[in-house]
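For the sequence shown, UniProt numbering begins at 1 and goes up steadily by one. All C-beta atoms in this analysis are idealised placements derived from N, C-alpha and C, irrespective of residue type, glycine included.
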Amino acid sequence: MSGKRTDYISWDEYFMGIAQLSAMRSKDPNTQVGACIVSQENKILSMGYNGFPKGCDDDEYPWNREGDLCDSKYAYVTHSELNAILNYRGGSLEGTKLYVTLFPCNECAKAIIQVGIAELVYADDKYNGTPANLASRRMLTSAGVKMTPYRSNGRILELKV
Ligand SMILES: [Zn+2]
Numbered sequence: 001m002s003g004k005r006t007d008y009i010s011w012d013e014y015f016m017g018i019a020q021l022s023a024m025r026s027k028d029p030n031t032q033v034g035a036c037i038v039s040q041e042n043k044i045l046s047m048g049y050n051g052f053p054k055g056c057d058d059d060e061y062p063w064n065r066e067g068d069l070c071d072s073k074y075a076y077v078t079h080s081e082l083n084a085i086l087n088y089r090g091g092s093l094e095g096t097k098l099y100v101t102l103f104p105c106n107e108c109a110k111a112i113i114q115v116g117i118a119e120l121v122y123a124d125d126k127y128n129g130t131p132a133n134l135a136s137r138r139m140l141t142s143a144g145v146k147m148t149p150y151r152s153n154g155r156i157l158e159l160k161v
């Protein structure tokens with residue numbers, strides 16, 4: 001008996017917790033998504049959330065989903081997974097693991113595959129069955145990226161001090 005604490009959080013809770021915290025930084029009025037990339041040694045390499053590119057003011061660019069492409073967020077927003085990939089300047093992401101709060105779209109799937117991410121742990125999958133989701137799964141499967149649904153134990157992450 002070492003007397004060590006037993007109620008500490010798991011690696012999955014830790015990294016998905018970081019992804020969820022990152023999501024809370026997003027200004028998107030409809031969908032806040034966060035991502036966290038982790039090395040094979042369980043070290044955090046990068047994080048991201050959905051937002052506009054650098055220099056594109058959140059107060060000037062549109063967040064709405066309706067209207068012409070140029071008047072909607074779809075023309076400008078960068079998804080959390082792509083931001084996490086682009087935020088990493090330390091070299092290769094080959095063999096890493098990506099934690100994301102929502103299953104990636106087909107565009108992010110391409111980036112995930114091309115940088116060599118080996119595994120994807122996702123929480124929400126609300127777009128399951130939609131064309132973008134099906135295309136994403138198809139590519140990730142072909143590329144051999146492991147897709148693991150996050151199993152929450154329902155615990156609320158709160159530090160008791
Ligand atoms: Zn995406």
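Buried or exposed by the 16-neighbour rule on C-beta atoms within 10 Å, applied to residue i
{"i": "C108", "result": "buried"}
{"i": "E81", "result": "buried"}
{"i": "L157", "result": "exposed"}
{"i": "M1", "result": "exposed"}
{"i": "M24", "result": "exposed"}
{"i": "G91", "result": "exposed"}
{"i": "A123", "result": "buried"}
{"i": "S152", "result": "exposed"}
{"i": "C36", "result": "buried"}
{"i": "L102", "result": "buried"}
{"i": "N42", "result": "exposed"}
{"i": "M129", "result": "According to the sequence as given, residue 129 is Gly; it is not Met. It counts as exposed."}
Separation of residue j from residue i, as counted between CA atoms
{"i": "V33", "j": "R89", "result": "21 angstroms"}
{"i": "V121", "j": "D57", "result": "31 angstroms"}
{"i": "L86", "j": "P104", "result": "15 angstroms"}
{"i": "V38", "j": "N83", "result": "14 angstroms"}
{"i": "L45", "j": "I9", "result": "19 angstroms"}
{"i": "T141", "j": "M47", "result": "24 angstroms"}
{"i": "P131", "j": "R137", "result": "10 angstroms"}
{"i": "R5", "j": "D68", "result": "55 angstroms"}
{"i": "Y127", "j": "G3", "result": "45 angstroms"}
{"i": "A135", "j": "G55", "result": "31 angstroms"}
{"i": "P53", "j": "D7", "result": "39 angstroms"}
Residue from the options with nearest C-alpha to residue i
{"i": "Q40", "options": "G55, W11, M147", "result": "W11"}
{"i": "Y61", "options": "L45, G48, T78", "result": "T78"}
{"i": "E13", "options": "R5, R138, S26, R155", "result": "R155"}
{"i": "M16", "options": "V100, D71, N50", "result": "V100"}
{"i": "K110", "options": "D28, V145, Y76", "result": "V145"}
{"i": "V149", "options": "G51, L134, D125", "result": "Here the sequence assigns Pro to residue 149, which means Val is not the residue at that position. The shortest Cα separation from P149 among G51, L134, D125 belongs to D125."}
{"i": "P29", "options": "A143, N106, W63", "result": "W63"}
Residue i at chain C interface by Cβ criterion, 7 angstroms
{"i": "D12", "result": "The structure shown contains no chain C; it holds only a single protein chain."}
Which of helix, strand or coil DSSP assigns to residue i
{"i": "M47", "result": "strand"}
{"i": "A35", "result": "strand"}
{"i": "L143", "result": "Residue identity differs from the one stated: residue 143 is Ala in this sequence, not Leu. If DSSP states are grouped into helix, strand and coil, A143 belongs with coil."}
{"i": "Y61", "result": "coil"}
{"i": "S94", "result": "The sequence given here places Glu at residue 94; Ser does not occur at that position. E94 falls in the coil class under three-state DSSP."}
* Could you say if the segment 91-107 and the segment 117-129 meet the contact criterion of at least three C-beta pairs nearer than 8 angstroms? => yes
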